[in-house]
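Take a look at the structure set out below.
In our numbering, the protein residues as written are -5 to 129.
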């Protein structure tokens, strides 16, 4: 059974946010110069080697960007875990329940601040890594 479980939440979030990553990766693949893969194949690299040594390093920035965007979107999502998750307690649902059900605004605020700090930390690390690569 997948409904009302954590794997169900993960599956629903993948279903919801996959198009975002797919668009980023597909646009990077279309912009990639095909001669890079061709040159590796002519040099004698087998297809798996071409994939790991040429294609993935070119696509890595778009994969990482998509992953960060999906993490931030999924981390703060509320409706999917509330509807699909049932009894599973993710932070967004926990903040809602603390406020609306238990009328404990202090706990709801604490959970919200923890969510904010985690998201800002992830985005800060990502932005700093982008700046280092550009230098």
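Every residue gets a Cβ at the ideal spot worked out from N, C-alpha and C, and that includes glycine. These numbers come from a predicted model, not from an experiment.
State the Cα-Cα distance for the pair residue 73 and residue 123, rounded to the nearest angstrom.
31 angstroms
So, at 8 angstroms on beta carbons, what are the nonlocal neighbours of residue -3 in its own chain, with the 5 sequence-adjacent residues on each side left out?
78, 80
Which word fits residue 92, buried or exposed, when buried means at least 16 other C-beta atoms lie within 10 angstroms of its C-beta?
It is buried - the Cβ of residue 92 has at least 16 other Cβ atoms within 10 Å.
Using DSSP with H/G/I as helix, E/B as strand and the rest coil, what is residue 92?
helix
In angstroms with no decimal places, state the Cα-to-Cα distance between residue 2 and residue 38.
44 angstroms
Touching by the beta-carbon criterion (3+ pairs, under 8 angstroms), the segment 56 to 73 and the segment 3 to 23:
The segment 56 to 73 makes contact with the segment 3 to 23, as at least three CB pairs between them are under 8 angstroms.
Using a Cβ distance threshold of 8 angstroms, determine whether the segment 34 to 48 contacts the segment 92 to 106, with at least three qualifying pairs required.
no
Answer with buried or exposed for residue 21, where buried requires no fewer than 16 other C-beta atoms within 10 angstroms of its C-beta.
exposed
If you run the structure through DSSP and keep just helix, strand and coil, what is residue -4?
Three-state DSSP puts residue -4 in coil, outside helix and strand.
Just how far apart, CA to CA, sit residue 32 and residue 60?
27 angstroms
Neighbourhood of residue 117 by C-beta distance below 6 angstroms, restricted to the same chain and skipping five residues each side
none
Could you check the C-alpha separation between residue 111 and residue 28 for me, to the nearest Å?
41 angstroms
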